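Asker:
Residue numbers (this note's numbering): 538 to 749.
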């Protein structure tokens with residue numbers, strides 16, 4: 538890598554965004570810990586796991602940016618597409634498992650946890666490993682949207698549906714950011730990132746009222 542193809546402004550914006558999102562997800566994860574201890578409701582435990590995996594998704598993104606800036610400043614040459622593909626795999630995996638946990642938090646009484654883990658890991662790995670074989674990212678996004686739709690189906694009529702709506706909108710915005718990089722201008726991506734932070738802020742505000 539070299540400075541010729543490096544956009545410092547875009548890098549700074551994405552790096553800062555990843556840091557903010559990780560902090561917000563970890564805050565949600567830790568904030569709901571007390572709620573789980575009080576209620577001992579296992580659904581809350583799995584609900585919390587979703588945000589831990591979302592934090593891991595953006596931690597992998599942050600790692601990608603960190604490695605990228607180190608390579609830019611060094612003499613080592615690594616094809617940018619290789620790094621980008623690895624980052625895409627990790628974000629897709631952690632994000633998909635997170636969405637899976639949101640679904641599982643509502644159906645855990647019907648499905649054993651180990652069965653869920655086996656299924657979600659096999660499913661996500663099978664889909665992600667097809668990327669290098671020409672598997673369409675558009676189809677992957679459709680699958681993700683199907684998983685989000687499943688969240689609403691299993692939570693129809695529940696008050697918690699509002700929270701799931703916020704998380705779902707966040708993930709939809711970020712799928713657009715991650716999987717349509719060449720189609721989005723810097724300004725459009727920045728708008729989606731700001732909206733994502735606003736959505737998570739609303740989520741945190743709602744959760745904080747529950748925990749009080």
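Every residue gets a Cβ at the ideal spot worked out from N, C-alpha and C, and that includes glycine.
Computed from a predicted structure; not experimentally measured.
1. Determine contact between the segment 596-605 and the segment 647-665, defined as no fewer than three beta-carbon pairs at a distance below 8 Å.
2. How many whole angstroms separate the CB atoms of residue 707 and residue 737, which I take to be in contact at a CB cut-off of 8 Å?
3. Output yes or no for whether 7 Å exceeds the beta carbon distance between residue 714 and residue 726.
4. Using a Cβ-Cβ cutoff of less than 6 Å, which residues in the same chain neighbour residue 592 once the five nearest sequence positions on both sides are dropped?
5. My output table needs one value for residue 578: the three-state DSSP class, helix, strand or coil.
6. Taking only runs that begin and end inside the segment 717-748, name each unbroken alpha helix (DSSP H) of 4 or more residues, in chain order.
7. Could you tell me if residue 595 is buried or exposed, where buried requires 16 or more neighbouring beta carbons within 10 angstroms of its beta carbon?
Answerer: Taking the structure as given:
1. Three or more beta-carbon pairs separated by less than 8 Å are not found between the segment 596-605 and the segment 647-665, which leaves the two stretches without contact.
2. About 6 Å separates the two Cβ atoms, so the contact holds.
3. yes
4. The beta carbon of residue 592 sits closer than 6 Å to the beta carbons of 559, 562 and 563 from its chain, once the five residues preceding and following it are set aside; these are given in chain order.
5. coil
6. Within the segment 717-748, the complete alpha helix (DSSP H) runs of at least 4 residues are 723-748.
7. The residue is buried, with at least 16 neighbouring Cβ atoms inside 10 Å.
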